[in-house]
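*Asks:* Protein sequences, first through last, are from chains A and B. Using our numbering, you'd call the opening residue of the first sequence number 15 and step up by one each time. Using our numbering, you'd call the opening residue of the second sequence number 135 and step up by one each time.
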Amino acid sequence: MSSRPTLARRLNEWGLLLGVIGAVIGFIIGFAIGTKAIAGSSDLDHSLGSDPGILLGYALSAVGFLAGMGFLNYPIGRLLGAKRPSEEDNAYMHGEGGGLGRYFRMTTDHKVIGLQYLVMILVFLFVGGLGAMFIRTELLTPVPSVANAQSYLTLVGLHSTLMIFMASAAIIGPFGNYFVPIMIGTRNMAFPRLEALTFWLLPPAGLILLSTVFLGGFTTGWTGYAPLADQNVLGMDSYLMGFALIGLSIGLSGLNMIATILTKRAPGMPLSRMPIFVWSVLVTSFLGALASPALIAAVLMEMFSRTYQTTFFVPSGGGSPYLWENLFWFFGHPEVYIFVIPAFGLIMEMLPVFTRRPLWGYRVGVGGMVGVGLLSFVVWQHHLFVSGIAPSLRPFYMFSTEMISVPTGIIYLVALGSLWRARTRFSTPMLFIFAFFFNFLIGGFTGVFLSDVPSDFSLHASYFVQAHFHYTIMGGEVFALMGAIVYYLPKMTGRTMDIRLLRYQFWAVFLTFNGTFLSLIAVGILGMPRRVISYAAYLQPLNDSASIFALALGLSMALFLGILIWEVVIKQRVAAANPWESLGVEWQVPTPVPTFNFDRVPVAWSLPYDYDTGKPAADFGPAVPALSGA
Amino acid sequence: MRNRATAIRIVVIVWIVAAVAGDVALALGPIPPGQASDLASSESLVILLLAEIAWPVFSAVLAALFFTLVVNRLAPPTAEVSAEALRGNTRAQTTWIVATLVIVLSLAVYGTVALAIDQPGAGISTVSASLPQPASADQPLEVQVIAQQWWFTYRYPSYGGIETAQLVLPVNQKIQFHITSLDVTHSFWFYALGVKADAVSLNDNVVTATPTQTGTYRIQCSELCGLWHGNMADNTAMVVSSSAFATWIQQQTTLDAPIMKFLAPYSHTYEPSAQLIYGS
Chain A
15 MSSRPTLARR
25 LNEWGLLLGV
35 IGAVIGFIIG
45 FAIGTKAIAG
55 SSDLDHSLGS
65 DPGILLGYAL
75 SAVGFLAGMG
85 FLNYPIGRLL
95 GAKRPSEEDN
105 AYMHGEGGGL
115 GRYFRMTTDH
125 KVIGLQYLVM
135 ILVFLFVGGL
145 GAMFIRTELL
155 TPVPSVANAQ
165 SYLTLVGLHS
175 TLMIFMASAA
185 IIGPFGNYFV
195 PIMIGTRNMA
205 FPRLEALTFW
215 LLPPAGLILL
225 STVFLGGFTT
235 GWTGYAPLAD
245 QNVLGMDSYL
255 MGFALIGLSI
265 GLSGLNMIAT
275 ILTKRAPGMP
285 LSRMPIFVWS
295 VLVTSFLGAL
305 ASPALIAAVL
315 MEMFSRTYQT
325 TFFVPSGGGS
335 PYLWENLFWF
345 FGHPEVYIFV
355 IPAFGLIMEM
365 LPVFTRRPLW
375 GYRVGVGGMV
385 GVGLLSFVVW
395 QHHLFVSGIA
405 PSLRPFYMFS
415 TEMISVPTGI
425 IYLVALGSLW
435 RARTRFSTPM
445 LFIFAFFFNF
455 LIGGFTGVFL
465 SDVPSDFSLH
475 ASYFVQAHFH
485 YTIMGGEVFA
495 LMGAIVYYLP
505 KMTGRTMDIR
515 LLRYQFWAVF
525 LTFNGTFLSL
535 IAVGILGMPR
545 RVISYAAYLQ
555 PLNDSASIFA
565 LALGLSMALF
575 LGILIWEVVI
585 KQRVAAANPW
595 ESLGVEWQVP
605 TPVPTFNFDR
615 VPVAWSLPYD
625 YDTGKPAADF
635 GPAVPALSGA
Chain B
135 MRNRATAIRI
145 VVIVWIVAAV
155 AGDVALALGP
165 IPPGQASDLA
175 SSESLVILLL
185 AEIAWPVFSA
195 VLAALFFTLV
205 VNRLAPPTAE
215 VSAEALRGNT
225 RAQTTWIVAT
235 LVIVLSLAVY
245 GTVALAIDQP
255 GAGISTVSAS
265 LPQPASADQP
275 LEVQVIAQQW
285 WFTYRYPSYG
295 GIETAQLVLP
305 VNQKIQFHIT
315 SLDVTHSFWF
325 YALGVKADAV
335 SLNDNVVTAT
345 PTQTGTYRIQ
355 CSELCGLWHG
365 NMADNTAMVV
375 SSSAFATWIQ
385 QQTTLDAPIM
395 KFLAPYSHTY
405 EPSAQLIYGS
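#1: Counting only C-beta atoms, is glutamate 416 of chain A closer than 8 angstroms to chain B at any point?
#2: Quick check: does the Cβ of glutamate 101 of chain A come within less than 7 angstroms of any heavy atom belonging to the ligand FAD?
#3: Report the three-state DSSP secondary structure of tryptophan 284 of chain B (helix, strand or coil).
#4: Check the Cβ-Cβ distances between aspartate 1 of chain A and every residue of chain B, and say whether any is below 8 angstroms.
#5: Closer than 7 angstroms between beta carbons: that is the criterion. Which residues of the stretch 238 to 262 of chain A meet it against chain B?
#6: Are the C-beta of alanine 550 of chain A and some C-beta of chain B separated by less than 8 angstroms?
#7: So, for valine 378 of chain A: in the same chain, excluding its five sequence neighbours on each side, which residues have a beta-carbon less than 6 angstroms away from its beta-carbon?
#8: Report yes or no: is there a C-beta of chain B within less than 8 angstroms of the C-beta of aspartate 466 of chain A?
#9: Using DSSP with H/G/I as helix, E/B as strand and the rest coil, what is lysine 629 of chain A?
#10: Does DSSP put proline 289 of chain A in a helix, in a strand, or in coil?
#11: Would you say the stretch 228 to 239 of chain A touches the stretch 259 to 268 of chain A, given that touching needs at least three Cβ pairs under 8 angstroms?
#12: If you measure between the beta carbons of isoleucine 39 of chain A and glycine 78 of chain A, is that distance less than 8 angstroms?
#13: According to DSSP, which residues form a beta bridge with aspartate 338 of chain B?
#14: Just mark glutamine 395 of chain A as buried or exposed, buried being the case when its beta carbon has 16 or more other beta carbons within 10 Å.
#15: Could you say if the stretch 282 to 299 of chain A and the stretch 319 to 330 of chain A meet the contact criterion of at least three C-beta pairs nearer than 8 angstroms?
#16: Does the beta carbon of lysine 330 of chain B sit closer than 8 angstroms to a beta carbon anywhere in chain A?
#17: In the DSSP assignment, what residue or residues form a beta bridge with valine 617 of chain A?
#18: Who does methionine 372 of chain B pair with in a DSSP beta bridge?
#19: What in chain A is Cβ-close to leucine 184 of chain B, meaning under 8 angstroms?
#20: Which residues does DSSP list as the beta-bridge partners of proline 345 of chain B?
#21: If we define contact as Cβ-Cβ less than 8 angstroms, is glycine 235 of chain A a contact residue for chain B?
#22: With distances taken between CB atoms, is the gap from isoleucine 275 of chain A to valine 247 of chain A smaller than 8 angstroms?
#23: List, in chain order, every chain B residue whose beta-carbon is nearer than 7 angstroms to that of valine 588 of chain A.
#24: Please list, in chain order, the chain B residues whose beta carbon lies closer than 7 angstroms to that of glutamine 164 of chain A.
#25: Write down every uninterrupted run of the alpha helix (DSSP H) in the stretch 222 to 300 of chain A whose length is 4 residues or greater and which is fully enclosed by it, in chain order.
#26: Let's test the definition: count the other Cβ atoms within 10 Å of the Cβ of arginine 279 of chain A and tell me whether it reaches 16, buried, or not, exposed.
#27: Going by DSSP in three states, serine 264 of chain B sits in which element: helix, strand or coil?
#28: Would you decide whether valine 582 of chain A is buried or exposed? Buried here means 16 or more other CB atoms lie within 10 Å of its CB.
#29: Quick one: what does DSSP say histidine 474 of chain A is sitting in, helix, strand or coil?
#30: When you compare each of B/Val341, B/Phe322, B/Cys359, B/Leu389 to alanine 371 of chain B by their alpha carbons, which one comes out closest?
#31: So proline 406 of chain B contacts chain A; which residues on that side make the cut at Cβ distance below 7 angstroms?
#32: Mapping DSSP to helix, strand and coil, what is glycine 222 of chain B?
#33: Pick helix, strand or coil for leucine 397 of chain B, following the three-state DSSP scheme.
#34: I want to verify the contact list: residues of chain A whose CB lies under 7 angstroms from the CB of valine 195 of chain B, in sequence order.
#35: What does glycine 145 of chain A reach in chain B if we use C-beta pairs closer than 9 angstroms?
#36: Just to confirm before moving on: does the CB-CB distance between phenylalanine 524 of chain A and tyrosine 485 of chain A stay below 8 angstroms?
Following this line, the structure appears as structure tokens:
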């Protein structure tokens with residue numbers, strides 16, 4: 015055992031600082047090259063710089079940040095002839111004995127990365143939520159009041175884009191990374207450094223997006239429609255580069271999860287014995303890996319249009335706005351199922367724990383998620399029903415979109431079957447599960463009206479759509495996220511929240527959420543388009559109702575965060591080892607989970623839902639000395 | 135056991151009452167977007183039918199959730215562990231999937247038929263590019279909607295291609311809207327007529343509707359088009375009697391006469407200037 019830490023370790027320990035320095039240096043170099051060398055012949059420069067300067071600056075700052083964090087140390091070290099890292103170094107990289115510091119550096123421990131994701135997701139959620147509060151405050155009056163047109167649209171764009179970043183990883187980031195390896199009985203992800211990379215792409219993506227406020231903001235919302243995007247000032251580049259990094263993160267995380275789940279399952283665990291949450295992560299990972307390239311291609315083309323003047327999406331330059339709309343929604347529609355399928359899986363994973371019964375219809379539930387995943391690739395044109403493109407294809411996309419309700423309905427069947435004649439325990443996570451089904455039901459049924467072409471003509475691009483997807487994303491995914499935080503915090507941190515206090519918080523957030531978005535459904539039906547700062551005077555009472563509920567909703571969400579920080583960080587309320595008496599493998603390992611999860615890899619016996627017999631799902635017995643060679 | 139059966143009965147009765155009451159209320163209440171045009175009426179009808187089917191299904195799922203969650207809880211606990219270990223039921227699963235499939239397929243068939251018969255809403259131009267004839271009972275009146283940041287203007291090719299800032303339409307006359315844009319993508323939303331179609335530069339998006347009620351209506355842009363998107367609205371669009379329309383169009387023609395020679399010749403699309411896209 016060497017007493018002096020190696021160079022690699024020292025670099026890693028100072029990674030965050032080196033990363034920030036790398037980002038600054040990268041930005042300066044990129045900005046200088048872009049502005050001086052490329053932009054000299056461009057007519058697109060603005061007072062704050064030029065598009066090539068800003069884009070190249072952003073790109074190199076992301077590279078500089080990741081290099082400083084230490085992502086290149088291993089490959090470069092090996093290229094220069096360094097030895098393979100020792101067991102000890104590996105354990106160090108895995109965060110062993112790192113204390114609090116390991117959460118601020120690059121580690122290859124999926125549990126550290128899960129918690130890093132959780133914190134980052136919550137930051138995105140609450141910063142984005144603050145944007146929503148400003149938007150609803152502005153909409154208290156039918157004419158501009160607290161914001162002006164530019165700052166309002168920038169707020170809309172920041173709120174939506176940041177929330178999309180958040181939602182892309184809200185379940186799969188914290189809980190997928192933390193629990194999938196444990197649930198499938200392995201010590202590590204297939205590509206641990208890649209897993210760290212998918213997380214460390216998030217902070218630069220978020221900061222680059224937020225930096226748009228220094229560059230004039232952007233007026234396109236999260237959909238970034240061209241040619242409006244071509245017309246926008248430099249703030250548009252922040253959106254494009256931020257989204258490109260998130261697309262990269264989604265795609266790489268998908269590949270890593272697929273590889274891990276397909277190759278690293280414990281002995282005795284065929285696909286048919288995988289916990290249903292792992293199934294949901296597998297399906298989602300295929301969606302992410304297959305859909306995100308379309309997004310990356312689209313934002314890259316728009317970057318080219320803004321720098322090399324390629325006019326991919328500008329009709330007068332020989333391009334087509336429909337090209338952006340198709341590329342964007344070819345990603346964008348699987349994307350919404352990237353949000354919600356992990357929530358389905360997590361809800362179905364938690365249900366048996368509270369119904370004290372096996373999961374009803376495991377196979378059909380898996381089939382439902384796979385069906386949603388497959389169909390999600392052939393529905394994107396419903397975003398273009400009124401665009402004027404390919405009207406003869408509309409019946410097909412109407413059909414495929416309506417078909418999605420069949421596999422989604424199966425999730426409800428599984429829930430009803432699991433709850434049927436069960437003695438359900440009404441713990442706080444169960445309340446969130448119930449709210450998930452209630453909210454998502456409204457989200458699903460509002461979707462029916464949007465999938466049907468004739469009724470969509472009235473509702474398309476109105477607040478009805480806005481309320482619809484907030485019911486699925488916030489009412490579905492974010493409620494599942496809150497339930498999962500309450501449920502899994504005891505495992506992830508060894509601490510717990512006061513679940514009695516949370517009951518009041520639950521009812522506050524449930525009622526104010528529904529008050530807000532039921533008002534907005536009505537606003538949409540009565541004819542209010544999305545993303546407007548001014549609206550018809552007759553819509554003011556309903557908008558005021560939505561705004562007041564929304565501000566109360568914001569307070570209830572802040573209460574959740576307050577309880578979380580107070581109980582877990584400040585009071586450090588100690589949790590029981592298995593407070594929900596779950597049979598899941600993740601609850602059988604000690605808390606805190608050992609660095610490499612298991613002394614020896616467990617052998618899977620069954621699905622972890624045998625609450626009737628209480629039979630454990632896997633064999634955790636100690637290693638047999640003769641077999642392990644000790 | 136008897137408590138349970140009673141509870142099921144009560145929940146089913148409550149559901150039936152709620153489903154029937156909801157459907158009756160839907161049938162009696164006003165359904166958006168109203169009856170101001172044939173297109174709006176057909177959209178209202180579709181929305182009503184979808185709501186009539188959706189409400190009973192929606193309330194049934196809610197009733198089942200409520201029953202399984204709450205009513206089970208009210209019965210006195212017999213054991214800590216749930217009664218039976220149900221792992222699935224092929225008949226229930228098949229029934230559920232077949233039932234949802236049937237509902238979905240019939241909705242899709244109905245929607246397709248409605249689309250095929252009424253041809254409502256936006257579709258890329260399939261009509262001849264030659265200038266249209268004056269409107270008559272069987273010949274639709276062509277009205278072009280030109281969107282640009284941040285207002286709409288209208289051209290009437292049957293009346294010499296004059297361009298106006300206000301939209302005025304004759305009642306009970308079939309109108310063929312031709313929607314295009316001079317810069318970024320907009321969307322023309324005439325809520326009362328049930329017309330919504332994206333305005334895309336160098337593209338001609340066609341919607342046909344026959345206004346059936348006179349009145350003053352609101353039109354607005356429904357696709358984010360930049361800074362003043364929220365103010366790209368107009369409360370003065372009018373549907374008037376055909377005689378009032380004739381008077382109005384006569385006035386407009388007189389007003390427009392001096393500027394006609396500066397207007398671009400009528401066309402289904404207009405080449406935008408690069409300046410409009412890229413700004414300064």
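Backbone N, C-alpha and C fix where the C-beta goes; we use that ideal spot for every residue, glycine too. As the structure is a prediction and not an experimental result, all values here were calculated from the model.
*Replies:* Walking through what the data contain:
#1: yes
#2: In terms of ligand content, the structure shown is empty, and the ligand FAD therefore cannot be addressed.
#3: coil
#4: As shown, chain A starts at 15 and ends at 644. That puts residue 1 of chain A outside it, with no answer to give.
#5: Tyr239, Pro241, Leu242, Asp244, Gln245
#6: yes
#7: Ile424
#8: yes
#9: coil
#10: coil
#11: no
#12: yes
#13: DSSP lists no partner for aspartate 338 of chain B.
#14: buried
#15: no
#16: yes
#17: A/Asp633
#18: B/Val302, B/Thr350
#19: Val462, Phe463, Asp466, Ser469
#20: B/Ser171
#21: yes
#22: no
#23: Going along chain B, no residue has its Cβ under 7 angstroms from valine 588 of chain A, so there is no contact; the nearest lies around 25 angstroms.
#24: Leu361
#25: 242 to 245, 249 to 277
#26: buried
#27: Confidence at serine 264 of chain B is low in this model, with a pLDDT of 41, below 50, so its placement is unreliable and the value that follows should be read with caution. The answer is coil: DSSP assigns serine 264 of chain B none of H, G, I, E or B.
#28: buried
#29: coil
#30: B/Phe322
#31: Ser330
#32: coil
#33: coil
#34: Tyr426, Leu455
#35: Correct list: empty, because the minimum Cβ distance to chain B is about 16 angstroms.
#36: no
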